[in-house]
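From first to last, the protein sequence lines are chains A and L.
Residues 359 to 937 (the numbering used here) make up the first sequence, in order.
Residues 762 to 1206 (the numbering used here) make up the second sequence, in order.
C-beta atoms are modelled at their ideal positions from N, C-alpha and C, and glycine is treated no differently.
Model, not experiment: these values are computed from the prediction.
Taking it in order: structure first as structure tokens, then the write-up.
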Amino acid sequence: MSMTGAPAAYDVVILGGGVNGAGTARDCAMRGLRVLLLERSDFASGASGANSGMIHGGIRYMLSDRHVTELACRDSGYIQRIAPHLLFRIPFLMPFASAHQEASLVERATWYAMEVYVGTYDLYQPLKRGKPSTRLTAEELYDLEPGLRPGLAGAVTFDEWGIDSHRLCVSNALAAARHGAELRTWTEAVELVREGEKVVGVRFRDRLTGERGEARAPVVFNATGAWSPALARKSGAVVPMRPGKGVHLTLDRRWSNYGVACIAVDGRQMFLMPHENESIIGTTDDDFYGDPDDLEATADEVEYLLEGVESFVPGVRQARITRSWCGLRTTLFTYGMNEDALSREHLIIDHGARGASDHRARGAAGGPGGPDKRGDPSKVAEGLDGLLSIVGGKLASYRAQAEEATDRILAKLGRSAVACRTHLEPLPGGDALPDAAALAEQYGVAAPVAARVIYRHGSLAHEVLRLCQDDPRLGLVICRDEGILAAEVVHCVRHEKVRRLQDLRRRCRLALGSCGGLDCARIAAQLAGRELGWSGEQVRAELSDLLSQGWRERRPILDGHQLANEELLRGVHRGLGGL
Amino acid sequence: MAGPVLETDVLVIGGGMAGAMAALSARASNARVALVRRSPGATAVSSGVLSVGDDPRALPGDFFASRCSPGDAARWVAAADPDHPYARVGEGLGEIEQAIAFAAHELSALIAPPEDRNRWIMTPYGSAIPCALCQRSMAAGDLVEVEGLVAVVGFRGHLGFDARLVAQGIDRLEGLGAPRAEAVELALFMGQGESIAQPFALAQALEAPGAAEAAGELLGKVLPAGAAVALFPPVLGLGPQDGGPWKSVPERIAAAAGIAVAETASDVPSVPGLRLQRAIDARLAASGVELLQGEVAPGPGGPGAPLEVAGRSVVAASWILATGRYLPGGIRRRGVLQETIFDLPVEVGGWPRRTSTPMSTGSLARRPAASLTDRDERALQPLFRAGVRVDAQLRPLDVDGRPVHPRLHACGAVLGGHEPAADGTGMGVAILTGRLAGRAAAGKL
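Have a look at this one:
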């Protein structure tokens, strides 16, 4: 284990390669700062890749956090501008359910309130190019969604946007690199470097090579999500967080035509929605006290989700669940509230601020009313000048959060304000949207495959498909579920900071499809191994690691055909491959 | 029900390896046998080699050649794991060698004659797996036998097989007595689009007149010095078709290249697995087993009573259940673990091993899947060992531990207590219990 060279000089070291870290790295780099980003695993490997995959306005937060809704809607509009390829429309139905033969007065009043509520949401829709809501009669509702349970009285619709959240995060990181940021994945911050009360850098360790290093910078920005309290604690700082576990299930096909808003057994809102080639059920919201590295769905959570959806879409029990996945919402600590009621606000904490009134996102961190029993954490002087942390926030508002963080970092550095351009400049591949049919024709690949490549890479699809022209073998579709070309694997490995095979889960959805990597995983491992110079043993180790990840996601949902598929997977990889 | 009633001695449900062994064994005892299958099952997607058991006593670094025989390996498994079918059959395990020989004999068109030791066959993953039987097309690649260099041959157009990965896998086993290996690449199957790169398309292409010979000539030019065998991806032909004159692809390549030729075992999609299923189908037909295609609709009675099979009424004195595990659908989990034809009780093997309050079979079958698995994927996974519990005569037991019916037998992966797909004993269990069940069913006539 060697120390690498002389301590490099940066303006800011960003810890965490989630969407906050990657987004802030991009913004800082675009505003001329010298940036180092350290991520202990891969980009979007935490909550940034385990959310509902929606750039939504948070219709749910309109009551408590209206400005969260507004901010999210406004930024959703910006994201459409900078990454149009990553987004797709998901219209939602919010059915009117009655417990009686004839709807009661209270129920009718509730439906009217829902209509008004969604109508209010319509005010924000233009910000994100959403369509206005529509009131559907029962007949119209069943025409659109025949799988719904009988007896519904109608519905209101609202419009949302789906996104590949892994790609959004990775694109931000790659954009940061284009602007000169240095990105190190699979590299963990070991400790902060301090000089008296000042934080002057970070000591880090590359988890793959064991290499250690030290990076000096006047500002360290802790954007490690659910990991940030532990990281701060090591230096005696406090990040007040109440992590909430959210579980999603993936079904092997599009089980409904539209998103369906459902009510869970405890009255919580939840949903079934088509997403890319699959459907997603979400989500739970429960306090989580464990190790964020040790996150698995439980049988109870799976049952809770299925039960909630089943009450609106009875056939969902017949569906094949292919994965369960979890993330931790990094909600701000508040005492005396249910998880659901916790604010989705974000907060940027200055751990060195001495008595100074801290900036916070519009509104109070503790939510309206009720004093926070811990007092205001952002005002505690912790003697760690130079350390900033971000807590909370939403995927849809990541860009605004990053903008605010960058403003704070610039101020901390004493730099003059530079205008933010992250809402104007396209993300890599976001400058133009190629036509799938034309591209398929030009490069001799199937049109649906070309469409998938465009969806993930935008205008960079040309670069991906050009590889097939140079080497026709790379035209092989290695995954039929997700439409992954061998060329895409090679492109990601060459240009998208892939260090491990499992990184390809978050680049091109390797092994996330319904087969779980049955025959694509080894081919991808071989391709990545050739590009990265892995030995045979490394290829096998990477393959084993990739498959273990899938096992953890599937273990709670093994049933029906999925159990049969798992048997085949185990037979091939463990039995035959000896992995 | 359409058609006349079919009267027979033994009805086998399931046409994979276990069902075939049961049917052929019963035929060998002169019973009349009908076999019903729904669709190709786990055998058709298997690796193409038939493993009975690794040598659990083998120490790391033990040479292949010094390890114990497949039969002894099975005996070792039985001694270590009382839930395993090898243990459940009691004295029947003494027939393991005969059962292996019987399987090799019945399928001799495809299967190489057995040795009294495991063969070690490479896989596309760069691992080597021990097997009691392998296909003729693989025998020359037995790592114990090769004297000289193994030339691992890849086709440039076939991304599904990385010769380098396999060659490095062999080199890694040098301490176990494996030969040295070197990867070579044949500039074949380039640029013909996606379909050719898929295993079945490659196998078909190699069957074409002149294709194997061309590959062999190309190989002859690039063979490294000292090469004793050329090891190919498992795509060397689809096997004999329609009984016409046929020479195997490995033989054709070997003749043109002047070197012994072998293929590795296969992952999925598996050309050797399909070959194995075809060889089974051909052998069943040739030996006078009445083959039916379709579903079984269980009725109120047991063996001896009419049973609706593939739309026909079948009356058989004995029934043999050989429906496999999850993949072919013999056992299913729909919230609860079930045996799918007769709703026999399902046991969850291997867990909990010891408990102060014994749990009933039923309560375990109802547990959430996650509580029947371990988060370490490589640990023992009770969920994947779930199946029917039988006595030493391979008769399924009810919840009280009594045979459900004296002439109902079960064999193969539908039996609990082992993990057929991944624990390296799946085909061995099919061969042994298939043979025992077939004989027992025929013997009770």
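Query	Result
Min CB distance L/TRP1112 to chain A below 9 Å	Bear in mind that the predicted position of L/TRP1112 carries a pLDDT of just 48, short of 50, making it unreliable; the figure below should be weighed with that in mind. No, its Cβ sits nowhere closer than 9 Å to a Cβ of chain A.
Runs of beta strand (DSSP E) lying entirely within the stretch 463 to 547 of chain A, each at least 3 residues, in chain order	493 to 495, 512 to 521 and 540 to 542
Reduced DSSP category for A/HIS704 - H, G, I as helix; E, B as strand; rest coil	strand
Own chain residues within Cβ distance below 6 Å of L/GLY853, not counting five before or after	LEU1197
Euclidean distance between Cα positions of L/GLY921 and A/ILE881	6 Å
Inter-residue spacing [alpha-carbon to alpha-carbon] between L/GLY1019 and A/GLY802	39 Å
9 Å Cβ cutoff, A/GLU924 in contact with chain L	yes
Ranges of the alpha helix (DSSP H) found wholly within the stretch 821 to 860 of chain L, counting only runs of at least 4	831 to 841 and 846 to 849
Length of the line joining the Cα atoms of A/LEU904 and A/GLN860	5 Å
A/LEU664, enclosing alpha helix (DSSP H) - first and last residue	657 to 668
Secondary structure of L/TRP1007, DSSP reduced to three states	coil
L/GLY777 versus A/ILE417: straight-line alpha-carbon distance, rounded	54 Å
Any 3 or more C-beta pairs closer than 8 Å across the stretch 404 to 421 of chain A and the stretch 568 to 586 of chain A	yes
Neighbourhood of A/PRO490 by C-beta, 7 Å cutoff - its chain only, sequence neighbours within 5 removed	ASP480 and GLN483
Interface partners of A/THR656 on chain L, CB under 9 Å	PRO1129 and ALA1131
Exposure of L/GLN1054, with buried meaning 16 or more beta-carbon neighbours within 10 Å	exposed
Min CB distance L/PHE1103 to chain A below 9 Å	no
Of the listed residues A/ALA588, A/SER523 and A/ARG678, nearest to A/LEU373 (C-alpha basis)	A/ALA588
Interface residues of the stretch 876 to 899 of chain L facing chain A [CB-CB below 9 Å]	THR884, PRO885, TYR886, GLY887, SER888, ALA889 and ILE890
Residue-level contact to chain L via CB, A/GLY871, 9 Å cutoff	no
CB contact below 9 Å: A/VAL930 versus chain L	yes
Alpha-carbon spacing of A/GLU740 relative to A/ILE707, whole angstroms	11 Å
At least 3 beta-carbon pairs within less than 8 Å: the stretch 1058 to 1072 of chain L vs the stretch 838 to 855 of chain L	no
Proximity of L/ALA1174 and L/ALA1183 at Cβ, strictly below 9 Å	no
A/MET388 - containing alpha helix (DSSP H), residue span	377 to 388
Test: L/ALA948 CB closer than 9 Å to a CB of chain A	no
Beta carbon proximity, A/ALA844 to chain L, threshold 9 Å	yes
Endpoints, the alpha helix (DSSP H) within which L/PHE961 is located	960 to 968
For A/LYS752, three-class secondary structure by DSSP	coil
Among A/ALA533, A/ARG389 and A/CYS873, nearest to A/ASP369 - alpha-carbon criterion	A/ARG389
L/ASP816 classed as buried or exposed, judged by whether at least 16 other C-beta atoms fall within 10 angstroms	buried
A/CYS620 - containing alpha helix (DSSP H), residue span	From DSSP, A/CYS620 is part of no alpha helix (DSSP H) but of the beta strand (DSSP E) over 617 to 621.
Close Cβ partners of A/ILE639 (< 6 Å) along its chain, the five nearest in sequence each way excluded	LEU607, LEU630, LEU663 and VAL667
Pairwise C-alpha distance: A/ASP651 and L/PRO1113	Interpretation of L/PRO1113 is limited by its pLDDT of 45, a score under 50 that renders its predicted location unreliable; the figure taken from the coordinates is listed afterwards. Whole-angstrom Cα-Cα distance: 28 Å.
L/HIS919 - DSSP class collapsed to helix/strand/coil	coil
Residues near A/GLY713 in its chain [Cβ-Cβ closer than 6 Å; skip 5 each side]	With a pLDDT of 44 at A/GLY713, under the threshold of 50, the modelled position of this residue cannot be trusted, and the question is left open.
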